[in-house]
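In my numbering, the protein residues as written are 78 to 602.
Given below as structure tokens:
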């Protein structure tokens with residue numbers, strides 16, 4: 078699956094260092110031994126010594142503070158991501174014990190945590206950007222470790238949690254195969270933690286979590302995530318978001334609903350709009366000022382239902398103009414499609430069909446909705462309705478083999494039904510040991526003509542599906558098998574011989590439709 082990448086904002090760091098929490102070790106040989114071991118960078122021995130000191134005196138705040146220092150020193154760039162994160166979690170726990178037994182330490186601990194958080198987050202951003210360039214799994218895992226450490230330092234900060242999830246997903250993507258799928262599933266609890274803590278979760282997080290649930294055969298969980306996401310995002314106000322260099326002052330003009338207003342402020346800022354439909358425009362520029370104003374970057378994004386639908390940015394003293402007709406925007410289409418697929422996967426087929434009918438009414442040019450609805454109709458043996466939706470889906474997206482195949486299957490399967498009816502009628506007449514009446518002969522002829530025409534109608538989309546499918550792939554074999562049946566029924570013997578090898582197992586009964594699209598997750602476009 079394709080994972081959408083998070084935007085990682087680099088933090089500007091000065092010359093920051095972590096001041097060590099010092100405690101008096103005089104009179105305690107274990108503490109002295111721990112300090113000596115740290116000087117020799119023998120951190121395992123240092124940890125054992127400080128643990129002995131804590132065993133001797135469980136209220137030794139200095140020992141807990143030193144333990145936190147040791148644990149962080151033990152985490153370096155060669156440490157596996159999970160262990161790296163765990164070291165920082167244990168360090169925080171040790172710091173909490175130090176504060177418990179010596180509350181006066183809290184201010185120093187909090188200051189040092191802030192510095193450590195900035196350093197680990199920045200290291201994560203750098204490692205992620207480097208991994209994007211090198212496309213190495215180890216690079217993404219290193220970034221995940223740094224982000225995990227940042228979230229261990231500040232557990233309520235959601236940014237590092239989300240970025241750890243994205244880094245691990247990229248690493249799993251590069252791994253591929255069954256192992257990659259397993260590693261992707263391990264990201265689920267990280268994303269769930271992010272959703273629990275974040276007041277306004279990103280659409281990407283919702284979307285990816287739903288995909289992962291469906292990929293792991295958990296459609297009920299996927300349905301719950303998509304329904305929560307759609308309700309949440311649908312209720313978010315439309316707004317302009319002004320970002321870039323912190324502290325840049327701006328002025329602007331916004332037009333919406335036939336009215337205009339002037340705005341001004343300082344980045345970061347957010348200006349809510351009163352409409353979520355129709356045309357919206359905004360013009361923004363940096364205010365004249367000092368060197369920071371002149372060199373600072375101003376970025377403006379227009380957000381609808383939690384989704385950026387337009388943006389612009391500049392470092393110059395020039396206008397940023399954004400104009401968008403929100404009535405044509407469909408920011409939640411992928412989540413809505415995932416919800417519908419989850420409804421179908423949980424056996425709520427009628428609810429899914431009704432939802433697709435509504436979505437098609439609202440978005441008649443959406444090929445994916447028509448394909449998914451047509452596929453549901455096909456699997457419900459409603460072939461005429463299926464052909465109507467799938468024909469339109471193919472018109473809108475002619476280069477998708479799944480859409481072509483299912484259109485061919487809708488004609489072919491109805492042809493099989495006609496064939497069965499024709500055989501039953503002929504058998505009925507023969508059982509009476511007589512020639513068919515004029516009416517019966519007319520009915521038999523009509524059925525035969527309809528049957529033949531349906532098989533003929535199935536051939537073009539099935540041939541196109543075979544052409545679009547990769548050699549040796551399942552879609553190609555399915556298309557060949559269906560084509561073999563259609564050629565035989567239309568007495569195209571030579572063509573039937575040509576697809577026998579491609580068809581593999583040969584002809585079967587009805588051709589089962591390929592399942593509907595699942596968005597950008599497994600099995601989808």
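For every residue, glycine included, the Cβ atom is placed at its ideal position computed from N, Cα and C.
query, result
"Other residues of its chain near residue 103: CB distance less than 6 Å, five sequence neighbours each side excluded", "Here the model assigns residue 103 a pLDDT of 47, short of 50, so the residue's position is not dependable and the matter cannot be decided."
"Span separating the alpha-carbon of residue 489 from that of residue 220", "52 Å"
"Per-residue burial, residue 241 [other beta carbons within 10 Å of its own, 16 or more giving buried]", "buried"
"Beta-carbon spacing of residue 419, residue 453 below 8 Å", "no"
"Whole-Å CB distance - residue 326 paired with residue 343, under 8 Å assumed", "5 Å"
"Residue 113 in three-state terms, based on DSSP", "helix"
"Buried versus exposed, by CB contacts within 10 Å (16 or more), residue 212", "exposed"
"Which listed residue (513, 507, 161, 573) has its alpha carbon closest to that of residue 536", "573"
"For residue 357, the residue or residues it bridges with in DSSP", "333, 401"
"Backbone CA spacing between residue 198 and residue 123 [nearest angstrom]", "27 Å"
"3 or more residues per run - each beta strand (DSSP E) lying fully within the segment 118-157", "none"
"Nearest to residue 353 (by Cα), restricted to the options 329, 364, 385", "385"
"Residues bridged to residue 387 [DSSP beta-bridge criterion]", "379"
"Extent of the continuous alpha helix (DSSP H) to which residue 503 belongs", "478-508"
"Straight-line Cα distance separating residue 347 from residue 316", "7 Å"
"Anticipated Cβ contact below 8 Å, residue 388 with residue 376, distance rounded", "7 Å"
"Short Cβ contact (8 Å threshold) for residue 108 with residue 130", "yes"
"Distance, residue 162 Cα to residue 105 Cα", "30 Å"
"Residues that residue 341 bridges to, as DSSP identifies them", "328"
"Proximal residues to residue 296 (C-beta, below 6 Å), its chain only, five neighbours per side dropped", "419, 422, 423"
"Nearest neighbour of residue 260, chosen from 278, 179, 289, 154 [CA to CA]", "289"
"Opening and closing residue of the alpha helix (DSSP H) in which residue 289 lies", "280-292"
"Residue 202 versus 189, 185, 224, residue with shortest Cα-Cα distance", "224"
"Under 8 Å between C-beta atoms of residue 382 and residue 473", "no"
"Rounded straight-line distance, which links the Cα of residue 175 to that of residue 184", "12 Å"
"Residue interval of the beta strand (DSSP E) (run including residue 321)", "316-321"
"Euclidean distance between Cα positions of residue 88 and residue 195", "Confidence is the limiting factor: at residue 88 the pLDDT is only 33, short of 50, which leaves the residue's position unreliable, though a coordinate-based value still follows. Looking at the two C-alpha atoms, the distance is approximately 7 Å."
"Limits of the unbroken beta strand (DSSP E) element including residue 347", "346-349"
"Residue 362 (DSSP reduced to helix, strand or coil)", "strand"
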